[in-house]
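Letter by letter, the sequence shown follows residues 51 to 294 of our numbering.
Here a beta-carbon is modelled for each residue, glycine too, at the ideal position from N, C-alpha and C.
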Amino acid sequence: MINLFASTVNAAQDFLPPGLIMSIAAAFIVERSYIKCYAQEFVGTLLMISFTFSAGKWIGADSQTVEWLSHAVGVVAADYIGGGPQVNPAVSVSMWALGKVNYTEMYVRIAAQMGGGLVAFPLFHFASESFGMTPFGGPQFDATDDEHGSAAALSEFVATMLLCFLIYAVNFELHFGPYHYWIKQPLTAFGIRYLIVMFPLAGPSMNPMLGTAWAVWNSDEGAFPSDPGHYLVYWLPPPPRAPP
């Protein structure tokens with residue numbers, strides 16, 4: 051039975067994004083105690099990429115105003131429909147550091163975010179080709195004048211730090227009464243868009259999952275990046291962004 055299962059998994063790996071099976075396995079740890087968290091993050095990541103990466107590609111390609119508005123609506127819609135997922139490993143680490151989640155929940159959420167990202171880019175590329183729409187792009191840094199990625203890493207560090215500060219402010223410090231959600235989410239959306247424009251060196255991503263999931267899909271080998279510079283830019287900075 052074990053051999054059959056192992057053979058099935060090995061056969062499936064040839065047709066699935068790398069790491070997806072390991073991601074799904076995380077949903078079943080601790081007697082499936084975190085399976086709802088996994089589902090929330092996995093679906094939320096699909097929604098987030100669909101609703102926000104379509105801005106400027108499927109919607110608003112000829113108008114910056116429409117692009118910004120559609121991105122803002124996408125941020126709000128993905129959060130509302132998805133039930134408030136974190137959809138960002140940097141945010142999940144930050145929430146763990148703040149004591150909002152325990153270590154295991156953080157791990158499961160990050161695994162789900164990665165799984166959703168690994169599925170989302172090929173899925174929506176297929177949709178783009180099927181319906182004759184512009185394919186999604188993704189965050190990546192130009193190594194021409196930044197061979198080791200140090201400038202891009204600094205840009206990502208600052209942008210994601212500011213994103214976390216924004217999240218803390220609108221969720222934990224500011225209160226808008228009965229309309230709190232409908233005020234703080236658009237503020238978050240426009241803040242994200244502003245940071246995208248102001249910190250372009252690494253894409254920007256402000257989300258390690260997005261940088262890596264896109265790199266996997268965009269690579270000729272369909273594998274995780276082998277360049278250490280990628281992890282310097284997108285993964286090494288996030289933990290210090292989370293306050294103790």
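Opening and closing residue of the alpha helix (DSSP H) in which Ser269 lies: Where Ser269 is concerned, there is no enclosing alpha helix (DSSP H), given that its DSSP letter is neither H nor E.
Sub-7 Å separation of Leu245 and Leu213 beta-carbons: yes
Run of the alpha helix (DSSP H) containing Ile99, from where it starts to where it stops: Ile85 to Phe103
Cα-Cα separation between Thr262 and Ser255, rounded to whole angstroms: 10 Å
Local conformation of Pro290 per DSSP, three classes: Confidence in Pro290 is poor, its pLDDT being 46 and thus under 50, which makes the residue's placement unreliable; the coordinate value appears in the next sentence. Of the three classes helix, strand and coil, the one that applies to Pro290 here is helix, per DSSP.
Three-pair Cβ contact test at 8 Å for the segment 97-113 versus the segment 151-171: yes
Expected contact under 8 Å - CB spacing of Val47 and Ala75 to nearest Å: A question about residue 47 goes unanswered here, because the residues of the chain that appear run from 51 up to 294.
The segment 264-284 contacting the segment 209-223, beta-carbon criterion three pairs below 8 Å: no
Of the listed residues Val141, Gly110, Glu179 and Asp129, nearest to Thr210 (C-alpha basis): Val141
Beta-carbon gap between Trp264 and Phe174 smaller than 7 Å: No, the Cβ-Cβ distance between Trp264 and Phe174 is not below 7 Å.
Neighbourhood of Lys234 by C-beta distance below 6 Å, restricted to the same chain and skipping five residues each side: Excluding positions up to five away in sequence, the list reads Val220.
Contact under 7 Å by Cβ, Ala202 with Val125: no
Unbroken alpha helix (DSSP H) run spanning Ile109, endpoints: No alpha helix (DSSP H) contains Ile109, which DSSP labels as neither H nor E.
Residue range of the alpha helix (DSSP H) that includes Ala77: Premise fails: Ala77 is in no alpha helix (DSSP H) and is neither H nor E.
Cα-Cα separation, Val151 to Tyr84: 12 Å
Member of Arg82, Gly94, Val283 and Phe92 whose CA lies at the smallest distance from the CA of Glu197: Per the C-alpha coordinates, the member of Arg82, Gly94, Val283 and Phe92 positioned closest to Glu197 is Val283.
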